[in-house]
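Residue numbers (my numbering), protein chains in the order written: chain A, 358 to 592; chain B, 358 to 592.
Number of protein chains: 2
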Amino acid sequence: MSTTDTSVIHDIRDVARVAGVSIGTVSNVLNRPHMVADTTRERVEEVIARTGFVRNASARHLRQGRTRTIGLVVQDVMNPFFTEVARAAEDAATDSGYLLYLCNSAGSPEKEAAYLRALVEQQVSGVLLTPLQEIPAVMNTLRARGTPVVLVDRASEQPDQCSTAVDDVHGGDLAASHLLSIGRRRIAFISSTWSIRQCADRRAGVRRALRRGPAVRTRSPAGTGRAGDDDAGRG
Amino acid sequence: MSTTDTSVIHDIRDVARVAGVSIGTVSNVLNRPHMVADTTRERVEEVIARTGFVRNASARHLRQGRTRTIGLVVQDVMNPFFTEVARAAEDAATDSGYLLYLCNSAGSPEKEAAYLRALVEQQVSGVLLTPLQEIPAVMNTLRARGTPVVLVDRASEQPDQCSTAVDDVHGGDLAASHLLSIGRRRIAFISSTWSIRQCADRRAGVRRALRRGPAVRTRSPAGTGRAGDDDAGRG
DNA sequence: CTGAAAGCGCTTACAG
DNA sequence: CTGAAAGCGCTTACAG
């Protein structure tokens with residue numbers, strides 16, 4: 358078998374055969390190159406480069422018991438707010454060598470549950486979820502399996518449930534306080550339906566600021582102290 | 358072992374044990390339920406439902422040789438055009454029982470190549486790609502492995518390369534023709550840099566329409582015959 | 001209709 | 001430093 362043998366390479370086994378080493382050694386070149394003698398390593402690397410061998414993640418993950426993938430379940434990717442979340446999540450995932458599953462629940466609890474189930478099947482390392490209403494029942498499965506789940510844009514009732522969310526009460530307070538601080542006294546609040554938590558929270562914040570009244574009677578320059586600009590059209 | 362045994366269920370083996378059947382039978386219940394006797398099937402299904410067993414996709418895919426996942430590599434998810442592509446792709450994937458990897462090349466050929474490689478490792482069933490400039494070299498690997506790749510928003514030079522793209526020349530022609538048909542004679546064309554193919558193509562289409570001149574001297578009602586509205590801010 | 005067994009392609013102790 | 005071997009959790013012919 359000549360060293361320029363380029364016959365079909367699919368396996369790590371084929372690589373081993375062409376390089377004249379055991380598959381364990383090929384695997385070591387891939388995963389712990391420092392444990393392999395330089396000359397052996399170079400030979401194997403040459404074969405890999407020349408044949409374009411790519412390892413099979415399914416086999417790798419099955420053996421290792423983890424997949425280095427995470428799932429993102431959002432209500433609607435078209436919504437700029439979630440698009441930004443998706444973009445940032447994908448960025449962060451990549452930086453850590455993870456791949457991201459994009460799942461669009463489209464407002465359907467059934468789709469949401471189906472996705473969560475599918476993600477568990479995929480053995481994802483973690484899940485980012487924008488829950489629709491109730492925390493879905495499948496969450497128990499994830500919990501039981503120890504799959505980390507982080508709620509996005511929604512605080513959780515459960516004390517042991519991680520979540521990230523904007524403090525919209527504070528946002529409303531900030532906005533109204535700013536207006537008060539520059540001397541405004543007749544303030545209008547335009548929003549969407551109060552059934553959207555974010556909107557109701559901002560109103561509560563605005564009211565709190567109004568109740569408190571202007572703090573100090575100094576004027577800040579116009580255009581300064583923008584507040585509450587976390588509103589990215591979720592309403 | 359009582360039938361209410363709920364001890365840790367991780368395996369299809371655990372399910373088999375609890376249900377008192379072989380793992381082959383459990384697999385059959387999952388994949389070809391019609392081949393299993395009703396009473397056996399029901400028993401197994403009961404155990405699966407009660408224990409919340411979820412199968413391991415890594416093992417399944419390794420054995421089956423295919424993953425039912427597809428990769429989407431876009432230049433920028435934040436761009437509304439690609440967001441819409443992502444959304445639609447994800448929808449279609451879900452409808453066919455596939456999961457979608459979201460990959461944001463962010464204008465970097467290196468990231469693009471790395472993603473393509475990662476997707477090959479994942480053994481994706483197919484790839485949707487918005488190429489940055491040149492068709493990347495990794496494409497050869499995909500081609501060699503027979504992984505289907507569809508170029509998005511970009512026609513390919515290679516005759517055997519699938520692609521979907523808007524006919525922007527036609528779009529520009531349509532827009533200019535419309536203006537001509539309603540009697541406009543002094544037409545301005547506002548666009549981005551000509552180095553963006555879409556923009557240059559539209560200009561070519563506009564010019565073609567102007568060269569051809571007004572076809573018929575009839576007026577269509579205002580607001581009719583909108584054309585070239587496929588421009589979703591790619592420039 | 002059901003079970004036993006092989007095998008998917010890797011990684012990882014374990015010997016040598 | 002290297003190789004042989006077990007095993008990750010499934011699916012799928014193949015017997016029975």
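For each residue, glycine too, the CB sits at the ideal point set by N, CA and C.
If you're wondering where the values come from, they're calculated on a predicted model, not measured in any experiment.
Helix, strand or coil: which one does DSSP assign to residue i?
i, result
"residue 385(A)", "helix"
"residue 456(A)", "strand"
"residue 591(A)", "Bear in mind that a pLDDT of 43 at residue 591(A), under 50, signals an unreliable position, so the model cannot answer this."
"residue 506(B)", "strand"
"residue 366(B)", "coil"
"residue 521(A)", "strand"
"residue 428(B)", "strand"
"residue 374(B)", "helix"
"residue 497(A)", "helix"
"residue 579(B)", "With a pLDDT of only 49 at residue 579(B), under the threshold of 50, the placement of this residue in the model should not be trusted; the figure read from the coordinates follows. Of the three classes helix, strand and coil, the one that applies to residue 579(B) here is coil, per DSSP."
Buried or exposed, going by whether 16 or more other CB atoms sit within 10 Å of the CB of residue i?
i, result
"residue 546(B)", "exposed"
"residue 388(B)", "exposed"
"residue 515(A)", "exposed"
"residue 562(A)", "buried"
"residue 497(B)", "exposed"
"residue 510(B)", "buried"
"residue 453(B)", "exposed"
"residue 488(A)", "buried"
"residue 502(B)", "exposed"
"residue 417(A)", "buried"
"residue 586(A)", "Only weak support is given to the placement of residue 586(A): the predicted model assigns it a pLDDT of 39, under 50, and the value that follows is read from those uncertain coordinates. The residue is exposed, with fewer than 16 neighbouring Cβ atoms inside 10 Å."
"residue 601(A)", "Outside the shown range of chain A (358 to 592) lies residue 601(A), about which nothing can therefore be said."
"residue 395(B)", "exposed"
"residue 541(A)", "exposed"
"residue 420(B)", "exposed"
Return the chain-ordered list of same chain residues with a C-beta closer than 8 Å to the C-beta of residue i, the five sequence neighbours on each side being excluded.
i, result
"residue 519(A)", "505, 506, 507, 508, 513"
"residue 560(A)", "529, 546, 548, 551"
"residue 479(A)", "424, 426, 428, 458"
"residue 434(A)", "440, 443, 459, 461"
"residue 537(A)", "544, 566, 567, 570, 571, 572"
"residue 527(B)", "562"
"residue 521(A)", "507, 508, 509, 510"
"residue 360(A)", "The pLDDT assigned to residue 360(A) is 44, lower than 50, so where the model puts this residue is not dependable, and the model offers no usable value."
"residue 390(B)", "398"
"residue 400(A)", "376, 377, 378"
"residue 408(A)", "363, 366, 371, 372, 375"
Leaving out five residues on either side along the sequence, give the residues of the same chain with a beta carbon under 6 Å from the beta carbon of residue i.
i, result
"residue 393(A)", "385, 386"
"residue 431(B)", "439, 487"
"residue 367(A)", "none"
"residue 485(B)", "429, 446, 507, 509"
"residue 414(B)", "none"
"residue 450(A)", "427, 457"
"residue 517(A)", "none"
"residue 525(B)", "555, 558, 559"
Go to residue i, then tell me how far its alpha helix (DSSP H) extends in each direction, as first and last residue.
i, result
"residue 415(B)", "414-421"
"residue 408(B)", "395-408"
"residue 477(B)", "466-478"
"residue 557(B)", "554-569"
Apart from the five residues just before and just after residue i, which ones in its own chain have a Cβ nearer than 7 Å to its Cβ?
i, result
"residue 397(A)", "378, 382"
"residue 493(A)", "466, 469, 470, 473"
"residue 556(B)", "548, 549, 550, 592"
"residue 447(A)", "457"
"residue 495(B)", "470, 473, 474"
"residue 380(A)", "369, 370, 373"
"residue 412(A)", "369, 387"
If you follow the beta strand (DSSP E) that residue i is in, where does it begin and where does it stop?
i, result
"residue 487(B)", "Where residue 487(B) is concerned, there is no enclosing beta strand (DSSP E), given that its DSSP letter is neither H nor E."
Got a sec: does the ligand ZN put a non-hydrogen atom nearer than 7 Å to the Cβ of residue i?
i, result
"residue 528(A)", "The ligand ZN is not part of this structure, which contains no ligands at all."
Exercise. Which residues, in chain order, does the region 450-461 of chain A contribute to contact with chain B at a C-beta distance below 8 Å?
Worked result: Cβ contacts with chain B come from 451, 456, 457, 458, 459, 460, 461.
Exercise. Name the residues in the region 409-425 of chain A whose C-beta lies less than 7 Å from a C-beta of chain B; which are they?
Worked result: If the cut-off is 7 Å between Cβ atoms, the region 409-425 of chain A has 409, 411, 412, 413, 414, 415, 416, 418, 419, 424 near chain B.
Exercise. Taking a cut of 7 Å between CB atoms, which residues from the region 465-488 of chain A lie near chain B?
Worked result: Against chain B - using a Cβ distance shorter than 7 Å - the residues of the region 465-488 of chain A are 474, 475, 477, 478, 479, 480.
For this session: Identify each residue in the region 511-543 of chain A for which the Cβ-Cβ distance to at least one residue of chain B is less than 9 Å, and report them in chain order.
Result: Taken residue by residue, none of the region 511-543 of chain A has a beta-carbon sitting less than 9 Å from a beta-carbon on chain B.
Problem set entry | Residues from the region 370-385 of chain A in contact with chain B, defined by Cβ distance under 9 Å | For the region 370-385 of chain A, the beta-carbon criterion of a distance under 9 Å to any beta-carbon of chain B is satisfied by none of its residues.
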